[in-house]
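Worksheet: the structure to be examined is printed underneath.
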Amino acid sequence: MRFYTILFLLTIKAAFAQYNPDFTDYKTEAERKWADSVYNSMSFEERVGQLFMVAAYSNKDAAHEQEVEKLVKDYKVGGLIFFQGGPVRQAKLTNRYQAAAKTPLFIGIDGEWGLSMRLDSTYRYPWNMTLGAVQDMRLIEKMGEQMGMQSHRMGIHFNFAPVLDINVNPENPIIGNRSFGEDKENVTERALALMKGLQSQGVYATGKHFPGHGDTASDSHYSLPYLPFTEERLRNLEFYPYKKLFKEGLASIMVAHLNVPSIEATENYPTSLSYNVITNIVKNEMGYDGLIFTDALNMKGASNYMQPGEIDLEAFLAGNDVLLFAENVPLAIDKFKEAYANRVLSEQRLAYSVKKILAYKYRAGLNKYEPIEMKHLYSDLNDYVYDDLNYQLYENAVTVFKNDDNILPVRSLVNEKIAYIKMGDADNDDFIEKLQAYADITILEEESLPLYKQKLKDVTKVIIGFHKADGAWKNHNFKQEELNWIQAIAKEKPVILAAFVKPYALMQIKDFSNIKSVVLAYQNNTIAETVATEVIFGAVGAKGKLPVSINSMYKVNTGIDTQTVNRLGFTTPGNAGMDAAKLTQIDLIAQKAIDGNMTPGLQVLVARNGKVVYQKSYGYHTYDKDTKVSNADTYDVASLTKILSTLPHVMQLYDKGKIKMDAKLGDMLAEFKNSDKKDIILKDMLLHQARLQPWMPFYVATLDSTNHPSQKYYRDTYSEEFPNQVAEMLYLRKDYPDTIVQRIADSKLLAEKKYRYSDFTFILLKTYLERLNKKSLAVLSDEAFYKPLGAAHTTYNPLRKWDMSLIPPTEVDNYFRYQTIQGYVHDMGAAMEDGVGGHAGLFSNSLDVAKIMQMYLNGGEYGGHRFFSQETFDIFNTCYGCEEGNRRGLGLDKPQIENPGPTCDCVSKSSFGHTGFTGTMAWADPVNGVVYVFLSNRTYPEAKENKLSKENIREDIQKIIQDAVIK
């Protein structure tokens, strides 16, 4: 009975098929001539072969490759659709198969979010659902352009995208994240932008899955989905994006396997085989004349209906041009021959599709086919510029749809105690790293709600991160326990929920009333986690809008644009106007330093225009190579302490009118009132022209006859009389810091007033600040600067906060402390001040140093906090003695007037910074907005020879950075 039904249907369609028009839609006469010539040279079997696009894989064995090659050689198939594999393997196979083809092959791929949908080692863009949140269509078009470039580089002619399905069913098992959303206008806008981008690069876009797979409850890979909708509904909703894209030149469409009784009367009959759907509706009514593909014919939604061979003929007679993933091409060709002999299939019908295919091949340049160039293939497919766009896409996608009390962005950090709780089962390392880049975040991992509540007692805010595997079809559901915990915690503490999942997952939350804010990042990857953190702390503002509704509470297109608060953010070099390839040369210089035993390890950071574009760590803590340097490690920054701790306080006092540049040392410190230094003014001290000695080995006077710490001054345990910890089990007498000040007062002045770098200025300023404020400089700096800045990794005496494993050692001391100096300040004088010096003693990492340098670049403002005025900063950043050969600003170092000097001699005269004895450097340039930080422990294991300086390592890296700025 089934045979007669099929025969009847074929006969009916054959009658219609005889009226199929000739293909005449050639773009040029040359195209027509080539298509006619090729067509006329073909046998009937070769013409039929052109209709098939068969499956190929680059991750299968030789038998599969031989099978595909046989189809190309012996059955003259018209194209291949590649599935899983790798780019180099696929490119080699493409060249091999094209060489075997009589007529060049079409190559297609499902690359909805880039080639990585099928190929490893290729670039991955956001899912369509993520793009559904993006409001700037230019970005999506640019993504299409890049996808087109990558496809073209791989010899691919069809990217089976964009998805035009309007996903109005949250339970849709196969489309979901592959859709741009639930709103027809939003879907159409984004699909059109992607299409334009793809086709601008000579790659054909394919709109799918007609008539619309967005409101199905089953997957056509496994069954035939049923759509009980009226024709009116279909025309108003599902057809809508197709009509728009048809007018804009969509090259091709793919027809789905769906059971839609309102447009195909035959019971349980797939739309992919429906003459009414394809020929009457698509071609005749909608006027579409592009290439029409079936969805894969091996899918159960179609293959359950007919056998291989029969289904191919049925699909062709329905009006399809290209038969995708045919399971048995030889049998199908035989069926076509039978149909032709029985006049079910006409020559005119065959010619129409084959000539259309040939015309498209001509437009794709296959009339002059050239093999894929293998050289640089991987790097071409993974160019730095792709990261630039990806950052922009996520910056525009991340959505805040609830923000009670404007909790976002988190502004003042001074009194905040923020905790982070992870939910979900996917990786969250990048999110934690970025959270801790902005503030001192407590990471909680407990096994029960009561334990969480106990740990949260003193917390001011809770960030809950929900992390699920970043897969388009992965399960993103909450566990019931997680839902319960969120509600319970939110009732007691302000909760910011950061969700790295598809938006549908949030539908499980039935009540958002207790949750202060929701940040929806859509995907769980490095860039999404980075941007979400930036939104939380105000480095960027949220711009995205919901692509689908979250229950009835938050409708599609809901989204709150949050504010920024001028904190350092993160992006790619390209987005900050820098050459990413050029910056990779830093790796060579860093490795040169390590290989040359100039330092065992180091950190380098580059920021531009308020964005960190390069942050890397190299080498190890020691030459034993036991512990790798990480970005979170804290280095002894040596003399950077002067501008990272002491100097900002002086700027604040000056800004408030509490100190003047003509303030005299004798008035500032009593020890100097009757000394020969009483009339030295603050300005000359800051300019290093106050005739002060450069340095004094204060520790030498505290050694005994064996050159070891004397019992007169030291003990091996803490006590009130010996409170100043110099190193492990070494405590200095409490009165000795005052002795240091007195020794400076008693020291001999230099004979001539001229530039001579001296630590004494900042040793004395530290004493002045502490006496003025009746607090330790460590406490002052933490309260006034590090807490507001979110510089949680910057401190004096780091062992009182962190484990030693996070602190690279600076020296194996065999002259004073007789131990490895790790976690204690390297500078002997600062060590004798309980580790807190105005000239040395600070520990930090590259990011925290960059925050302070960026605050300077911002003219005294950072994170919405004004530390001092722009005018004050400009006064301190002026070179007052350049004409006399003194390059210094007020406390700030400046570029050399004549070589050698602290910089590469390639920075602007308005640039500023400092270097440090342990092998550190921090420099900022207001002209190009660049911040450069270099931290190392070049003094380990001994400080005698400064090879790092002799080889100009810091300066050479700075030169690379300056050269990387795109003019």
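Per our numbering: the sequence shown = residues 200 to 1166. Glycine residues also receive a C-beta, built at the ideal position from the N, C-alpha and C atoms.
Alpha carbon to alpha carbon, what distance is there between residue j and residue i?
i        : j        : result
Pro-1140 : Gln-1018 : 11 Å
Ile-211  : Gly-248  : The predicted model places Ile-211 with a pLDDT of 46, which falls under 50 and marks its position as unreliable; any figure quoted below should be read in that light. About 24 Å.
Lys-701  : Lys-692  : 25 Å
Pro-893  : Gln-1069 : 31 Å
Ile-480  : Thr-405  : 18 Å
Met-860  : Glu-615  : 36 Å
Asp-883  : Leu-787  : 41 Å
Arg-999  : Ala-806  : 30 Å
Tyr-637  : Ala-991  : 8 Å
Asn-602  : Tyr-474  : 52 Å
Gln-1161 : Gln-1021 : 33 Å
Gly-818  : Gly-284  : 35 Å
Thr-302  : Ala-234  : 11 Å
Arg-323  : Ala-1121 : 35 Å
Tyr-172  : Thr-993  : There is no way to answer for residue 172, as the model of the chain reaches only from 200 to 1166.
Leu-1147 : Ala-792  : 7 Å
His-675  : Thr-729  : 20 Å
Ile-1006 : Ser-320  : 36 Å
Glu-230  : Met-394  : 23 Å
Starting from the C-beta of residue i, find all residues in its chain whose C-beta is less than 7 Å away, skip the five residues before and the five after it, and write them out in chain order.
i       : result
Thr-770 : Tyr-590, Lys-810, Val-812
Asn-972 : Leu-979
Gly-773 : Tyr-583, Val-584, Asp-587, Ala-779
Asp-657 : Lys-616
Can you give me the Cβ contacts of residue i inside the same chain, cut-off strictly under 6 Å, excluding the 5 residues immediately before and after it?
i       : result
Gln-289 : Ser-257, Phe-281
Asn-750 : Met-706
Ala-255 : Val-267, Leu-279, Phe-281
His-848 : Leu-968
Thr-757 : Phe-600, Leu-745
Gly-989 : Leu-612, Tyr-637, Ala-638
Leu-891 : Ser-957, Phe-959
Ala-625 : His-666, Lys-667, Ala-668, Asn-723
Does residue i come out as helix, strand or coil in the three-state DSSP assignment?
i        : result
Tyr-753  : strand
Leu-864  : helix
Ser-378  : coil
Arg-295  : helix
Gln-814  : strand
Ile-1152 : helix
Ile-280  : strand
Thr-1019 : strand
Met-895  : coil
Leu-929  : strand
Ser-748  : coil
Can you give me the start and stop residues for the beta strand (DSSP E) that residue i sits inside?
i       : result
Leu-696 : 694-699
Gly-664 : 660-666
Asp-197 : Outside the displayed span of the chain (200 to 1166) sits residue 197, for which this structure offers no information.
Asn-906 : Taken as a continuous stretch (DSSP letters only), Asn-906 belongs to no beta strand (DSSP E), as it is neither H nor E.
Just curious, the alpha helix (DSSP H) that residue i is in, first and last residue?
i       : result
Ser-578 : 576-580
Thr-960 : 959-972
Val-584 : 583-596
Comparing alpha-carbon positions, which option in the options lies nearest residue i?
i        : options                              : result
Ile-452  : Arg-562, Leu-979, Thr-598, Ser-471   : Ser-471
Gly-1036 : His-1025, Val-739, Thr-763, Glu-951  : His-1025
Pro-361  : Ala-689, Tyr-703, Phe-379            : Phe-379
Gly-413  : Lys-446, Gly-448, Ile-374, Ile-556   : Ile-374
Lys-660  : Trp-672, Glu-1010, Pro-649, Leu-643  : Leu-643
Pro-372  : Val-694, Asp-418, Glu-982, Glu-1144  : Asp-418
Gly-277  : Leu-436, Ser-552, Thr-821            : Ser-552
Met-895  : Leu-655, Ile-939, Ala-229, Glu-1032  : Ile-939
Pro-286  : Thr-840, Glu-572, Gly-1100, Gln-1053 : Glu-572
Lys-952  : Ala-977, Pro-908, Asn-1076, Ile-879  : Ile-879
Closer than 8 Å by C-beta to residue i: which residues in its own chain qualify, once you throw out the five before and the five after it? Chain order, please.
i        : result
Tyr-913  : Thr-901, Phe-921, Val-925, Leu-929, Tyr-930, Leu-931, Arg-932
Lys-341  : Gly-396, Leu-588
Asn-1098 : Asp-1104
Ala-741  : Val-597, Thr-598, Val-599, Leu-607, Val-718, Val-734, Gly-758, Ile-759, Asp-760, Thr-761
Taking Cβ positions only, does residue i come closer than 8 Å to chain D?
i        : result
Pro-1007 : As a matter of chain content, chain D is missing from the structure shown, which is built from one protein chain.
Just to check, is the beta-carbon of residue i closer than 7 Å to a non-hydrogen atom of the ligand ZN?
i        : result
Pro-1008 : With respect to the ligand ZN, the structure shown offers nothing to examine, as it has no ligands at all.
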